[in-house]
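Quick note, in my numbering, the sequence shown goes up one by one and the last residue is 1419. Each residue gets a CB set at the ideal place from its N, CA and C atoms; glycine is no exception. On a predicted model such as this, the values are computed, not experimentally measured, just so you know. Reviewing the structure listed below.
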Amino acid sequence: MGEDIAGLIWLLGVLAALLSIPAQAGGSVALAMLSAPRDRRTPVQGSRLLWGAVIAVAGLSVLARIAWATHEERFYEELEPGLLMLAGMVGGSLLLLGLGPFVSWALTLPARLAVRLPRPLRLPARRLADHQPGTAGGVAMTMVATAVATAVMIVAAAQTAQDRSFSPPQAPYGALVVRVSSEQEAKAARAALREEIPSAPIVQSEGTVKGYLVYLHNDLSGMDPHIGDQALLGYLTGDPSTPYDEGTAVLVTSEDVGDTPLDIGYSLDTPSGETLRRTLPAIAVKPADPGRTDLFIPAKVLRDLGVGLAPNRLIIDPAFHRTSAAEQERLDHRLGVGMPSYVERGFEASTGWLFVFVPMILVALVGALVATGSVADSPRWRRVLLRVTGGSSVRLRSYAICRTWLATACGTALGVAAGTATGLLLAWPGTAENGYDPLPRVAFDTPWLPIAALVVGFPLLAAAFAALLPIGSRPPIESGHGRPTSRSA
């Protein structure tokens, strides 16, 4: 009973944490609107900025604590990395919540520097600072979305580097491999390969049958040997003319190891189960693919020792034929589920992060357009626009474009700064693994170029959308008697 209650409390805690993330993101927008003064003459309240700074520092502290807790390569429980990642996301949400009041403060900066801005930006800068409550909400939405997009990019880069480092190719690039477990399966697979790819020669790799084991000593103890004939050796090296000797093992590696004899231990299926040893002459050969290291043992050597062998792989060498996706699909249909095929196409990075990144960019764009669309021009500002633009639709559109660019730039700058800090700290729990033998972390390149493209390109994208939207009504044009009249755009 106690365990059930503890499990329920744990589940409720996880749900509360999950729900707190969007709630805090929405709270950032609400705080930005509540903190916005009614005009640029009214400063942002210092108390709200102070409380925002306290919340933001608390969020950063949570992120830093989670990063420190996961910076070591140690054993993690089954759900521990995921829960730590969730806690880090809550910390990132707190950071964005605390930045809510700073949106209004950021919108006042262009107005303070208006005299130093290019002429087309001066009026939009003053207008954004003059009418902030609606504007601040849209800009905060842009800030939150770009922060999430930036953090996702960084964490995805860290996870991709980790996966690439510890996902070595299973075969030479372009090779088709069909796994079999018996002579009967090998015969059926060979017939299917002949039907689908009749022109390519089939290379066969063998393995020890049940009851027979081969042990490799020294530095090669963790390596699965490739057992076969000259065709298999040519496939491993990428050169069919590689020297072949039925009594000589070959270490296929890019390293300069020299020709060193190979010590192997093997046990036969006998009542005594005695382990026997044999030293084989061995040579080192460089492969065509420098990223691979393979050990080749001629099948005749093991058969002469009494070790039983049976086919375990049938291979189409990419030097003779590159298997297409359509050919593999037809072959799998013939083979069924019992004999899986595999085509080595190199490491393929996950694109799942795009399912978060793209919607966030769309949300940020909506926020940018909402921010500038909420700047309803009062009669006073319409008269100002009339005086500045002369009622020209071209100048009005230029004003709308500059206003959108400026508001979006403010939100994007805050969002990218928060997202970069969050992403770099979340990269630690994002690459933690739950295993007894954790893999060491590898360095990764922070995607500074895409981040810079987001900072520069997204405000331009929002401005381009603003240029395509209808201008709406022109400012009222004063008649000869000083009465305003309206003209449609």
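With a beta-carbon spacing of about 20 Å, Leu1391 and Val1033 fall beyond the 8 Å limit used to define contacts. Taking the Cα positions, Pro1370 is about 6 Å away from Glu1003. Around the Cβ of Asp1224, a 10 Å sphere holds 16 or more other Cβ atoms; the residue is buried.
DSSP places Tyr1196 within a strand segment (E or B) once states are collapsed to three. Note on geometry: alpha-carbon atoms of Trp1358 and Val1082 lie some 13 Å from one another.
Secondary structure at Ser1097: coil, using DSSP grouped into helix, strand and coil. Counting only residues of its own chain and dropping the five nearest sequence neighbours on each side, Ala1339 has a CB closer than 6 Å to the CB of Pro1389. For Pro1241, the beta-bridge partners assigned by DSSP are Glu1136.
Leu1051 carries a helical assignment under DSSP once its states are collapsed to helix, strand and coil.
For Leu1039, the enclosing alpha helix (DSSP H) has its first and last residue at 1010-1042. By a beta-carbon distance limit of 8 Å, Pro1217 contacts Val1182. Their separation comes to about 5 Å. Counting the other Cβ atoms within 10 Å of the Cβ of Leu1384 gives 16 or more, which makes it buried. Below 8 Å, enough C-beta pairs join the stretch 1064-1079 and the stretch 947-966 to call them touching: three or more. The C-beta separation of Pro1248 from Val1110 comes to about 20 Å, leaving the pair out of contact by the 8 Å criterion. Contact between Ile951 and Leu1354 does not hold, since their C-beta atoms are separated by about 19 Å, which reaches or exceeds 8 Å. Between the C-alpha atoms of Ala1161 and Leu1206 there is a straight-line separation of about 28 Å.
Under the DSSP assignment, Ala1212 falls in the beta strand (DSSP E) whose first and last residues are 1212-1215. If you draw a straight line from the Cα of Ser1023 to the Cα of Gln954, it comes to about 6 Å. Assigned with DSSP and collapsed to three states, Phe1285 falls in helix.
Per the DSSP secondary-structure output, Val1182 pairs in a beta bridge with Val1215, Asp1224. Of Thr1209, Asp1189, Gly1104, the smallest CA-CA separation from Tyr1165 is found for Gly1104. The beta-carbon separation of Leu1037 and Leu1058, rounded to 5 Å, stays under the 8 Å limit for a contact.
If you draw a straight line from the Cα of Arg1252 to the Cα of Leu1106, it is about 8 Å long. Separation of Ile1132 and Val1346 (C-alpha to C-alpha, rounded to the nearest whole angstrom) is 53 Å. For Arg1207, DSSP records a beta bridge to Gly1195. In the same chain as Ala1055, and ignoring 5 residues on each side of it, the C-beta atoms closer than 7 Å to its own belong to Pro1040, Ala1041, Ala1044, Leu1047, Leu1336, in chain order.
Judged by DSSP in its simplified three-state form, Leu1106 adopts strand. Ranked by Cα distance from Ala1330, the first of Gly1341, Leu1299, Thr1352 is Leu1299. The C-alpha of Arg1233 lies about 7 Å from the C-alpha of Leu1239.
Residue pairing by DSSP places Ser1271 opposite Val1108 in a beta bridge. Closest in C-alpha terms to Ala1301, from the list Glu1115, Val984, Asp1060, Arg978, comes Asp1060. DSSP places His1156 inside the beta strand (DSSP E), whose first and last residues are 1156-1158. Annotated three-state conformation of Ile1381 is helix, per DSSP. Going by C-alpha positions, Ala1118 is about 25 Å away from Arg1275.
Between Ile1291 and the set Ser1129, Ile996, Ala1075, the nearest pair of CA atoms involves Ala1075. For the 8 Å CB-CB criterion, Thr1000 and Ala1362 form a contact.
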